[in-house]
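Q: Per the working numbering, the sequence shown starts with residue -14, numbered consecutively. Built from N, CA and C at the ideal position, the CB exists for glycine as well. Here the structure is a predicted model, which means the values were calculated and not measured.
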Amino acid sequence: MKTVRLTAAQALVRYLSVQRNHDGEDFFGGCWAIFGHGNVAGMGEALHGAGDSFPTWRGHNEQSMAHAAIAYAKASNRKRAMAVTTSIGPGATNMVTAAALAHVNRLPVLFIPGDVFANRAPDPVLQQIEDFGDGTISANDCFKPVSRYFDRITRPEQLLTALPRAMAVLTDPADCGPATLGFCQDVQAEAYDWPESFFVPKTWKNLRPRADLQQIEDAIGAIRSAKKPLIIAGGGVHYAQACDDLRDFAHRHNIPVAETQAGKSALPWDDDLNMGSIGVTGASSANAIAEDADLIIAVGTRLQDFTTGSWSLFKNPDRRILSINVAAYDARKHDAISVVGDAKVTLAELTNALADYRAGAVDPALKQSWMDAVEGVTAAPTGNALPTDAQVIGAVQRSTDENAIVVCAAGGLPGELHKLWKAARPNGYHVEYGFSCMGYEIAGGLGVKMACPDREVVVMVGDGSYMMMNSELATSVMLGHKIITVILDNRGFGCINRLQMATGGESFNNLLDTARHVVPSAIDFAAHAGAMGAIAEKVSSINELEDAMVRAKEADRSYVIVIDTDPLPSKEAGGHWWDVAVPEVSVRPSVNEARKNYEAALKKQRPGD
Ligand SMILES: Cc1ncc(C[n+]2csc(CCOP(=O)(O)OP(=O)(O)O)c2C)c(N)n1
Ligand SMILES: [Mg+2]
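(1) Between 467, 9, 214 and 13, which has its C-alpha nearest residue 2's C-alpha?
(2) Which runs of the alpha helix (DSSP H) at least 4 residues long sit entirely within the region 279 to 348? Give them in chain order.
(3) Could you give the distance in angstroms between the alpha-carbon of residue 399 and the alpha-carbon of residue 451?
(4) Determine the direct distance from the alpha carbon of residue 453 to that of residue 484, and round the result to whole angstroms.
(5) Given this structure, state the Cα-to-Cα distance separating residue 271 from residue 467, to the nearest angstrom.
(6) Hey, could you find the ends of the beta strand (DSSP E) residue 193 is sitting in?
(7) State the Cα-Cα distance for the pair residue 411 and residue 322, rounded to the nearest angstrom.
(8) Measure the CB-CB distance between residue 408 and residue 249 and report whether it falls below 8 Å.
(9) Run the CB neighbour count on residue 565, radius 10 Å, all protein chains shown included, and call it buried at 16 or more, exposed below.
(10) Is residue 291 near residue 264, with beta carbons less than 8 Å apart?
(11) Could you please give me the residues that DSSP links to residue 374 through a beta bridge?
(12) Do the CB positions of residue 432 and residue 56 come within less than 8 Å of each other?
(13) Apart from the five residues just before and just after residue 592, which ones in its own chain have a Cβ nearer than 6 Å to its Cβ?
(14) Assuming contact is defined by CB atoms lying nearer than 8 Å, are residue 124 and residue 114 in contact in what I supplied?
(15) When the Cα of residue 133 is compared with those of 143, 121 and 91, which residue comes out closest?
(16) Output the distance between the C-alpha atoms of residue 282 and residue 495, rounded to the nearest integer angstrom.
(17) Could you check whether the Cβ of residue 478 sits closer than 7 Å to any heavy atom belonging to ligand 1?
(18) Answer yes if the region 326 to 335 comes into contact with the region 196 to 207, meaning at least three C-beta pairs across the two stretches below 8 Å, and no otherwise.
(19) Can you check whether the CB of residue 307 is closer than 8 Å to the CB of residue 207?
(20) Where does the unbroken beta strand (DSSP E) through residue 259 begin, and where does it stop?
(21) With 16 other CB atoms within 10 Å as the buried threshold, where does residue 15 fall?
(22) Considering only the alpha carbon of each residue, which of 4, 298 and 512 lies closest to residue 586?
(23) Quick check for students: name the residue ranges of the alpha helix (DSSP H) that lie wholly in the region 59 to 83, counting only runs of 4 or more.
(24) Between residue 256 and residue 232, which are expected to be in contact by the criterion C-beta below 8 Å, what is the C-beta distance as a whole number of angstroms?
(25) From this set, 464, 479, 238 and 459, which residue's C-alpha is nearest residue 338's C-alpha?
(26) Can you tell me where the alpha helix (DSSP H) holding residue 171 begins and where it ends?
(27) Go through its chain and collect everything with a Cβ distance to residue 531's Cβ below 6 Å, but skip five positions before and after it.
(28) Can you grab the Cα-Cα spacing for the pair residue -10 / residue 145, in whole Å?
(29) Quick one: residues in its chain with C-beta nearer than 7 Å to the C-beta of residue 105, no 5 flanking neighbours on either side, listed in chain order?
(30) What are the residues that DSSP puts in a beta bridge with residue 4?
(31) Contact check, residue 97 vs residue 70 under 8 Å by CB: the rounded distance?
(32) Can you list, in chain order, the stretches of the beta strand (DSSP E) that have 3 or more residues and sit fully within the region 228 to 267?
(33) Could you check whether the Cβ of residue 219 sits closer than 7 Å to any heavy atom belonging to ligand 2?
(34) Name, in chain order, the residues that DSSP records as bridge partners for residue 610.
(35) Does DSSP put residue 522 in a helix, in a strand, or in coil?
(36) So, at 6 Å on beta carbons, what are the nonlocal neighbours of residue 436 in its own chain, with the 5 sequence-adjacent residues on each side left out?
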């Protein structure tokens, strides 16, 4: 057997650099790194040695550079991913939130946090967590519940099995999620004679598991007997690259389609059968059909509460749920008629088998009246009042073409974007709403731009989320990956303030002006962004915003536009009830009143049915 002598870190980097996807591309775009003790000597030297064959980028925060990696994978429909390496201790645990985000969203990312010495000679090292009763625990155990595959590399040769296992998880459509290899720092530096065969380029197939025939037959029976079916398109439609198959299926059988946050842009917004977004942040058209549907055909969706209106949206007493999902875990939720299989091949198979089945006609007035409502709330305001989120969305929409990708994650914006953004092309809508993690936005925008350098990336972010995490803006400038960021400054956590008031609470600890303070908060966002190297300006009206968007598009550098917005208007159109538990006992009448409404609403919930 021919061997090559390398350190474990060198072997890891060399192995990663020869993994390919089905299209012949490198599976890994490269590696984000913040060095410290635990990775600078071993991984640092290995990454340096790899040079351009496996590029390394320096981030400003472990969580946010991991967000960039995850967004890159999402924008690549999981066909490509990135690695992320950190020091031990805080560098590693900073990344745990990002791991949870990738886990929830089923997105591939390889985490390589440094780990304590396997030989334990210098214990306890700087930043080492000491467990009094378990010598095997390190800070990296925090990754276990939020990794699809976890391993701790305590001997070099473990990589021979650990790396292929990690790759299998990253490339498996059902299992997909974060893989974490805690890499003991002494082991990173240890040499080993590796079989050369380990570094032969490997192509990972685009797996498309076919469903069981009995399940297909059950699905056909369920659809044939349905008069008012509704398709709910989830993120799985994109990851399976099944948008065309979904359109064929829907049109051939005349079944309306509603989209989840992750599924949005599966069909163009102006497709006759695209009834808009579903659920708590849904369009009135899609929700009206959902309420009455006798069969919900869920394709590639986890059916989270925003999609199901906390399981109160589907009101037809005879409704059934048919779930097509590559992950059995999802397909079997809610006692659905399950079809465990790839969305693309399953939809094609069903389309053929259903032949000339057509569902009942959908009243076109439903969509028309919804689109009229969208036009109304997104139109430029006439007076001088502070603009709403919806009006800012309208301006950004009017300023961008169908190639643009809008990026968002938390706050009031995701709900408004879900309802109002008119996505024309698949993947033109990138909203992380599985974990809805404040701070994903700018780092995510950077990752999206790295995946789609030819598309305009527009990040929309609230002041709260910007303040939580913004430093990869400087990285976008440094790396020359231009993103446009629109900051909507409503002086606080506007959506949570509204939720607080809707549940009977007093406006408390959300808006900056009503939070405890000595000096009123006065953050100059444009100056802040400018100090990080972006071109930045503040505008004072929707018209000015549209003018600034022209300058932003022409700019060759990341560009930030700040606009003050009104924190109070909530959903002006669409939407549905969402289960947020209201206190059962309170001395405040507004809470008691909210509790009464809450109990009434709970009666419509169908949790086990
Ligand atoms: C990391 C994280 N912490 C807390 C939350 C809960 N949360 C959701 S939205 C929000 C406020 C967001 O404020 P901002 O970005 O200004 O948007 P706005 O609500 O004002 O539209 C909070 C605190 C979250 N989603 N993520
Ligand atoms: Mg805000």
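A: Checking against the coordinates, here is how it stands:
(1) Minimum Cα-Cα distance from residue 2 among the listed residues 467, 9, 214 and 13 corresponds to 13.
(2) Complete alpha helix (DSSP H) runs here, min 4: 290 to 293, 313 to 316 and 328 to 339.
(3) Within the model, the alpha-carbon separation for residue 399 versus residue 451 is close to 14 Å.
(4) Roughly 20 Å separates the two Cα atoms.
(5) For residue 271 and residue 467, the distance between alpha carbons rounds to 35 Å.
(6) Counting along the chain, residue 193 sits inside no beta strand (DSSP E), nor does DSSP assign it H or E at all.
(7) The C-alpha of residue 411 lies about 28 Å from the C-alpha of residue 322.
(8) In this structure, residue 408 sits near residue 249, with a CB-CB distance shorter than 8 Å.
(9) The residue in question, residue 565, is exposed, as its Cβ has fewer than 16 Cβ neighbours within 10 Å.
(10) In this structure, residue 264 lies closer than 8 Å to residue 291 by Cβ.
(11) According to DSSP, residue 374 bridges with nothing at all.
(12) Going by C-beta atoms, residue 432 is nearer than 8 Å to residue 56.
(13) The answer, listed in chain order, is 296.
(14) Less than 8 Å divides the Cβ of residue 124 from the Cβ of residue 114.
(15) Checking every option, the nearest Cα to that of residue 133 belongs to 91.
(16) In a straight line, the C-alpha of residue 282 is about 39 Å away from that of residue 495.
(17) Of the heavy atoms belonging to ligand 1, at least one sits nearer than 7 Å to the Cβ of residue 478.
(18) Verdict: yes, contact present.
(19) Contact annotation: residue 207 and residue 307 have beta-carbon atoms nearer than 8 Å.
(20) Taken as a continuous stretch (DSSP letters only), the beta strand (DSSP E) holding residue 259 covers 259 to 262.
(21) Counting Cβ neighbours within 10 Å, residue 15 comes out buried, since at least 16 surround it.
(22) Of 4, 298 and 512, the residue nearest in Cα terms is 298.
(23) You should have 75 to 78.
(24) About 7 Å; that satisfies the 8 Å criterion.
(25) Checked all of 464, 479, 238 and 459; the closest Cα to residue 338 is 238.
(26) Counting along the chain, the unbroken alpha helix (DSSP H) around residue 171 starts and ends at 170 to 174.
(27) Excluding positions up to five away in sequence, the list reads 380 and 384.
(28) Residue -10 and residue 145: Cα-Cα distance of roughly 14 Å.
(29) Excluding residues within five positions, none has a Cβ falling inside 7 Å.
(30) Per DSSP, 187.
(31) With a beta-carbon spacing of about 4 Å, residue 97 and residue 70 fall inside the 8 Å limit used to define contacts.
(32) Listed in chain order, they are 242 to 244 and 259 to 262.
(33) No, since every heavy atom of ligand 2 falls outside the 7 Å radius drawn around the Cβ of residue 219.
(34) Residue 610 falls outside the range modelled here, since the chain spans only -14 to 594, and no answer is possible.
(35) Strand.
(36) Within the same chain, residue 436 has close Cβ partners 57, 60 and 61.
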